[in-house]
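These notes are about the structure you will find just below.
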Amino acid sequence: MTKCGTVVLAGKPNVGKSTLLNALVGERLSIVSPKPQSTRTPVVGLLTHGDAQFIFTDCPGLLDPRYRLQEVLRQTALRALADAEVIAYLHPLADYPAPSLAAAAGLTATPAGAVVTVYTKADLVAPPRRPALALDSVAVSAQSGEGMSALVRRLERHLPESPFHYPADDVATQPLRFFAAEFVREAAFALLHEELPYSLACEIDEFREGETPTYIRAVVYVERESQKGIVIGQGGRTIKAIGQAARTRFEMLYGRPVYLDLHVKVLPHWRTHDPSIKRLGYAP
Ligand SMILES: Nc1nc2c(ncn2[C@@H]2O[C@H](COP(=O)(O)OP(=O)(O)O)[C@@H](O)[C@H]2O)c(=O)[nH]1
Ligand SMILES: [Mg+2]
C-alpha cells in the first residue's frame, strides 16, 4: 500500500520555507531571498521516497497584509493550509519556542491536517545552546542537511494511504514558463534594492522550443515610470544582469541553452489593482 498527500510548508516570511522545499526535492524550484515575502505563487515540489509520495507546497508567508496583493497572497496561503493533509509549520530554532500555528497565522479555525513543528536554520544555533524539543517537533538545517531524513520520516507517518498522484520521477508540476518568470523575479530580488523587487512582476510572452537556444520572451512589469529606468539601469546594465542571472538559473532546471529576451513595461500600481493581480496569476 502506498501513501501520498499534500504537505504545506507554512510559517512567517523568511523562516526558510522555500529553501526547505528545494532541499527536500533536491532541485532549486522555489525562489530564495534574504528579503522577506518573495514567494507569491504556491510552488509545488515532489518527493517520491519508497512507498511514499510527498506533494510539498511552498506557500506565501503568513503576515498582516498592508496592501491588496498581500491580502490576496494571505488568502492563497490560508486556502492551502485548509486543504493540506499535513502542515509543516516552520519556525527558526534560534527563536525557540514557536508560538502556536493558530497564533502565528491569525487563524480562526483549526486546519484539519496534522501539524508538525519544524525548527529551521539549526546550523545557526550551536549544539550546547539548543533547547530540548517536544516529541512532535524536529530541528533541521536545509543548508547543512542536518535533520532532513528525520523530517521526511516524521512527515511520512502523517501521509494518508493513497495511490501516487504523479510519476515517481517527477519533481515539479508547474510549467517551465512559470519557473522562467519566477527566476527573473529571484534575480530582481538579488539585484534591486528596497521596495523595487516588490513592485516587480514577470510574465512570459513567448516560449519557443524546437530551436537552439530556446527563445523566451519575458516582460518585466513595474508600477511607475521612474522604476522602469532603475530596472533598465545605465546603458541597460541592470536588466542585462537580471537576465543573465535568471537565464543561468533557468538553464540549470531546463538542461538546455536559452535566449532570454527581457522587456520592461509599466503596469501602473498593479499591486493594488485586482484585474492586474489576477492577470499576473496571483489571484484565481
Ligand atoms: N543559515 C541558514 N540560513 C537559511 C536556512 N534556510 C534558509 N536560510 C536563509 O534564510 C533566508 C530566507 O529563506 P527563504 O527560504 O527564502 O525563506 P521563506 O521566506 O520562508 O521562503 C534566505 O536568506 C536563506 O538563505 C538554513 O537552513 N540555514
Ligand atoms: Mg519563500
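Plus 23 on top of the position in the sequence shown (first one is 1) and you've got this note's numbering.
Every residue, glycine too, gets a C-beta built ideally from N, C-alpha and C.
What does the Cβ neighbour count give for residue i, buried or exposed, with the cut at 16 atoms within 10 Å?
{"i": "Glu-246", "result": "buried"}
{"i": "Leu-43", "result": "buried"}
{"i": "Gly-170", "result": "buried"}
{"i": "Leu-215", "result": "buried"}
{"i": "Ala-126", "result": "exposed"}
{"i": "Phe-183", "result": "Residue identity differs from the one stated: residue 183 is Pro in this sequence, not Phe. When all chains shown are included, Pro-183 counts as exposed."}
{"i": "Tyr-305", "result": "buried"}
{"i": "Tyr-90", "result": "exposed"}
{"i": "Lys-40", "result": "buried"}
{"i": "Pro-134", "result": "buried"}
{"i": "Ser-167", "result": "exposed"}
Among residues of its own chain, excluding the 5 on either side of residue i, which ones have a beta-carbon nearer than 7 Å to its beta-carbon?
{"i": "Val-38", "result": "Leu-113, His-114, Pro-115 and Thr-143"}
{"i": "Ala-145", "result": "Leu-116, Ala-162, Val-163, Ser-164, Glu-169 and Gly-170"}
{"i": "Ala-173", "result": "Val-161"}
For residue i, which of helix, strand or coil comes out of DSSP?
{"i": "Ala-165", "result": "coil"}
{"i": "Pro-298", "result": "helix"}
{"i": "Gln-93", "result": "helix"}
{"i": "Val-148", "result": "coil"}
{"i": "Lys-263", "result": "helix"}
{"i": "Lys-26", "result": "strand"}
{"i": "Val-38", "result": "coil"}
{"i": "Gln-9", "result": "Since the displayed the chain opens at 24 and closes at 307, residue 9 lies outside it and no answer follows."}
{"i": "Glu-246", "result": "coil"}
{"i": "Asp-118", "result": "helix"}
{"i": "Tyr-112", "result": "strand"}
{"i": "Ala-213", "result": "helix"}
{"i": "Ala-224", "result": "strand"}
{"i": "Phe-187", "result": "coil"}
Would you mind working out which of the options sits nearest residue i, comparing C-alpha positions?
{"i": "Val-141", "options": "Leu-47, Tyr-282, Arg-231 and Ala-111", "result": "Ala-111"}
{"i": "Pro-307", "options": "Thr-99, Arg-89, Ala-127 and Gly-84", "result": "Thr-99"}
{"i": "Arg-316", "options": "Ser-185, Ala-173, Tyr-119 and Ser-167", "result": "Because the chain spans 24 through 307 in this model, residue 316 falls outside it and cannot be assessed."}
{"i": "Leu-104", "options": "Pro-65, Cys-225, Phe-77 and Gly-168", "result": "Pro-65"}
{"i": "Leu-130", "options": "Thr-29, Lys-58 and Leu-85", "result": "Leu-85"}
{"i": "Cys-82", "options": "Ala-33, Leu-156 and Ala-264", "result": "Ala-33"}
{"i": "Glu-50", "options": "Glu-217, Leu-158 and Leu-69", "result": "Leu-69"}
{"i": "Pro-150", "options": "Leu-158, Asp-159, Val-163 and Val-138", "result": "Val-163"}
{"i": "Ala-128", "options": "Lys-35, Glu-248 and Asp-106", "result": "Lys-35"}
{"i": "Glu-209", "options": "Thr-196, Val-243 and Thr-235", "result": "Val-243"}
{"i": "Tyr-221", "options": "Thr-196, Pro-236, His-286 and His-292", "result": "His-292"}
{"i": "Glu-226", "options": "Val-175, Gly-233 and Ala-204", "result": "Ala-204"}
{"i": "Val-31", "options": "Lys-58, Asn-45, Leu-47 and Thr-80", "result": "Thr-80"}
{"i": "Pro-59", "options": "Gly-258, Ala-191, Asp-87 and Gly-256", "result": "Asp-87"}
{"i": "Ala-132", "options": "Ser-299, Thr-235 and Asp-106", "result": "Asp-106"}
{"i": "Glu-217", "options": "Asn-45, Ala-46, Pro-57 and Leu-47", "result": "Pro-57"}
{"i": "Thr-101", "options": "Gly-136, Gly-73 and Ile-78", "result": "According to the sequence provided, residue 101 is Leu. The question's Thr does not apply to it. Selected option, being the one with the closest Cα: Gly-136."}
Near residue i, which residues of its chain fall below 6 Å by C-beta distance, leaving aside the five closest residues on each side in sequence?
{"i": "Arg-121", "result": "A small correction: the amino acid at residue 121 is Ala; Arg does not occupy that position in the sequence shown. For Ala-121, where only same-chain residues beyond five positions count, the Cβ hits under 6 Å are His-114 and Thr-140."}
{"i": "His-61", "result": "According to the sequence shown, residue 61 is Ser rather than His. Cβ within range, chain order: Ile-54 and Phe-212."}
{"i": "Asp-284", "result": "Arg-240"}
{"i": "His-286", "result": "Val-242"}
Is it the case that the Cβ atoms of residue i and residue j are separated by a distance below 9 Å?
{"i": "Val-67", "j": "His-181", "result": "no"}
{"i": "Leu-52", "j": "Phe-273", "result": "no"}
{"i": "Thr-25", "j": "Gln-93", "result": "no"}
{"i": "Ala-224", "j": "Leu-303", "result": "yes"}
{"i": "Leu-199", "j": "Phe-230", "result": "yes"}
{"i": "Ala-269", "j": "Val-207", "result": "yes"}
{"i": "Ser-124", "j": "Val-138", "result": "Here the sequence assigns Leu to residue 124, which means Ser is not the residue at that position. Yes, these two residues count as a Cβ contact at 9 Å."}
{"i": "Tyr-238", "j": "Tyr-189", "result": "no"}
{"i": "Arg-279", "j": "Thr-235", "result": "yes"}
For residue i, would you say it is in contact with chain C, using Cβ-to-Cβ distances shorter than 9 Å as the test?
{"i": "Val-141", "result": "The structure shown contains no chain C; it holds only a single protein chain."}
Take residue i and list the residues in its own chain whose beta-carbon comes closer than 8 Å to its own, dropping the five residues that flank it on each side.
{"i": "Ala-187", "result": "Before going on, a small fix: residue 187 reads as Phe here, not Ala. If we look at Phe-187 and ignore the five residues flanking it on each side, its Cβ neighbours are Thr-25, Cys-27, Thr-71 and Gln-76."}
{"i": "Glu-248", "result": "Val-289"}
{"i": "Leu-219", "result": "Ala-211, Val-245, Gln-250, Ile-253 and Val-254"}
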